[in-house]
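Position one of the sequence shown corresponds to residue 152 (my numbering), numbered consecutively onward. We treat Cβ as the ideally placed atom computed from N, Cα and C, and that holds for glycine. Here the structure is a predicted model, which is why all the values come from computation and not from measurement. Below is one structure; the comments refer to it alone.
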Amino acid sequence: MLEIREVDKNFGGLQALDKVSMEVREGSITGLIGPNGSGKTTLFNVATGVYSKDGGSISFRGESIDGLPLHQIARRGITRTFQIPRVPKRMTVIENMLVAAGRQIGEKPIDVFLRWNKITEEDRALIRRAEELLEMVDLLHLAEEPAGNLTGAQIKILSLAQALMTNNDLLLLDEPTAGVDLDMSQRMMELMVDINKKGKTILVVEHDMRVISGVCEYVYVLDAGRNIAEGKPVEVQNDPRVIEAYLGTEEIKEEKATN
Ligand SMILES: Nc1ncnc2c1ncn2[C@@H]1O[C@H](COP(=O)(O)OP(=O)(O)OP(=O)(O)O)[C@@H](O)[C@H]1O
Ligand SMILES: [Mg+2]
Numbered sequence: 152m153l154e155i156r157e158v159d160k161n162f163g164g165l166q167a168l169d170k171v172s173m174e175v176r177e178g179s180i181t182g183l184i185g186p187n188g189s190g191k192t193t194l195f196n197v198a199t200g201v202y203s204k205d206g207g208s209i210s211f212r213g214e215s216i217d218g219l220p221l222h223q224i225a226r227r228g229i230t231r232t233f234q235i236p237r238v239p240k241r242m243t244v245i246e247n248m249l250v251a252a253g254r255q256i257g258e259k260p261i262d263v264f265l266r267w268n269k270i271t272e273e274d275r276a277l278i279r280r281a282e283e284l285l286e287m288v289d290l291l292h293l294a295e296e297p298a299g300n301l302t303g304a305q306i307k308i309l310s311l312a313q314a315l316m317t318n319n320d321l322l323l324l325d326e327p328t329a330g331v332d333l334d335m336s337q338r339m340m341e342l343m344v345d346i347n348k349k350g351k352t353i354l355v356v357e358h359d360m361r362v363i364s365g366v367c368e369y370v371y372v373l374d375a376g377r378n379i380a381e382g383k384p385v386e387v388q389n390d391p392r393v394i395e396a397y398l399g400t401e402e403i404k405e406e407k408a409t410n
């Protein structure tokens, strides 16, 4: 579904991505791991058009998306979440959901609110959809709450629900369980499996091997901007190159234990 071929990205002399390749099979949950600074987020930024790349090619559903700007890539069907999600704090949870959909139907977010007192059938459908998704992620009881009152974990969950508002079929999730407690992390894993069963393809960046082993069928490993390993979670976990890359950081094993 998403094919990344020998992609390069250079930041003023720093080779953040060095001929990185990977494939996300349609219908899969594919993992992307690697020590801090190995290029995972940069790859998301390049794949979604936030940054241009310096080499290589990316195709989505068999068509090149090289050189396309952010909004056009989103319109083709790719949505990403952020490692540190930011939501307008004064907007309510449900408003944040509607804004996420606004992007997809090509409206400027503000339009949704300008038309607020003149709610159309289309808006009603959108609100219903937002409520259904909030219910699915157990946030419906907070729908009218300003997003600023949510915990960090709830904001992570909200940003996943927002990604689902776009109706896009490929979701790139950047550390959806980082900074989230064990219960919430378990819930996030269930949600990933659930939405995958409902037809979403997922590429997920994670440090927590428990999450990777629990949900991913295939994993790619980056180190210092290069592919160093790939395979089933259990294969990758025991790969000496992967162990070596993580050596000294211990984060792959211990991050969750210290949370
Ligand atoms: N906009 C930027 N300008 C300059 N350097 C950048 C930029 N974005 C990322 N980098 C550098 O590129 C390298 C890869 O960073 P990236 O954020 O992709 O790593 P990561 O694998 O997502 O790490 P983490 O696990 O900490 O999130 C790092 O050395 C980082 O400092
Ligand atoms: Mg990152």
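On the CB-based measure, 16 or more other CB atoms within 10 Å of its CB, does residue i come out buried or exposed?
i: residue 158; result: buried
i: residue 244; result: buried
i: residue 273; result: exposed
i: residue 350; result: exposed
i: residue 323; result: buried
i: residue 407; result: Unreliable positioning characterises residue 407 in this predicted model, as indicated by a pLDDT of 45, which lies under 50. A coordinate reading is not provided.
i: residue 164; result: exposed
i: residue 358; result: buried
i: residue 388; result: buried
i: residue 283; result: exposed
i: residue 300; result: exposed
Considering residue i, what are the terminal residues of the alpha helix (DSSP H) in which it resides?
i: residue 157; result: Residue 157 -> not in any alpha helix (DSSP H); beta strand (DSSP E) instead, spanning 153-162.
i: residue 274; result: 272-287
i: residue 198; result: 191-198
i: residue 336; result: 333-348
i: residue 221; result: 221-227
i: residue 206; result: Per DSSP, residue 206 belongs to no alpha helix (DSSP H); it is in the beta strand (DSSP E), 206-211.
Just to confirm, is the Cβ distance from residue i to residue j under 8 Å?
i: residue 362; j: residue 380; result: no
i: residue 312; j: residue 248; result: yes
i: residue 173; j: residue 321; result: no
i: residue 310; j: residue 220; result: no
i: residue 181; j: residue 373; result: no
i: residue 331; j: residue 304; result: yes
i: residue 376; j: residue 183; result: no
i: residue 352; j: residue 177; result: yes
i: residue 371; j: residue 186; result: no
i: residue 368; j: residue 179; result: yes
i: residue 285; j: residue 276; result: no
i: residue 156; j: residue 208; result: yes
i: residue 329; j: residue 234; result: yes
i: residue 297; j: residue 240; result: yes
i: residue 160; j: residue 205; result: yes
Where do the N-terminal and C-terminal ends of the beta strand (DSSP E) with residue i fall, by residue?
i: residue 303; result: Element bounds for residue 303: not the beta strand (DSSP E) but the alpha helix (DSSP H), 303-316.
i: residue 389; result: It is not in any beta strand (DSSP E) - residue 389 carries neither H nor E in the DSSP assignment.
i: residue 179; result: It is not in any beta strand (DSSP E) - residue 179 carries neither H nor E in the DSSP assignment.
i: residue 363; result: Here residue 363 belongs to no beta strand (DSSP E); instead the alpha helix (DSSP H) covers 360-366.
i: residue 372; result: 369-374
i: residue 241; result: Careful: residue 241 lies outside any beta strand (DSSP E) and carries neither H nor E.
i: residue 188; result: Per DSSP, residue 188 belongs to no beta strand (DSSP E) and is neither H nor E.
i: residue 324; result: 321-325
i: residue 471; result: Not covered by the structure: residue 471. The range shown for the chain is 152 to 410.
i: residue 352; result: 352-356
At a threshold of 7 Å, does residue i count as lining ligand 2 (C-beta to nearest heavy atom)?
i: residue 192; result: yes
i: residue 325; result: yes
i: residue 305; result: no
i: residue 166; result: no
i: residue 337; result: no
i: residue 234; result: yes
Could you round the C-beta distance between residue i and residue j to whole angstroms and report it? I think they count as a contact, below 8 Å.
i: residue 325; j: residue 356; result: 5 Å
i: residue 227; j: residue 211; result: 6 Å
i: residue 231; j: residue 199; result: 5 Å
i: residue 364; j: residue 391; result: Their Cβ separation, rounded to whole angstroms, is 18 Å, which puts residue 364 and residue 391 out of contact at 8 Å.
i: residue 188; j: residue 171; result: Contact flag wrong, Cβ pair sits at about 14 Å.
i: residue 339; j: residue 308; result: 7 Å
i: residue 319; j: residue 229; result: 6 Å
Would you say the beta carbon of residue i comes nearer than 7 Å to a heavy atom of ligand 1?
i: residue 208; result: no
i: residue 189; result: yes
i: residue 365; result: no
i: residue 185; result: yes
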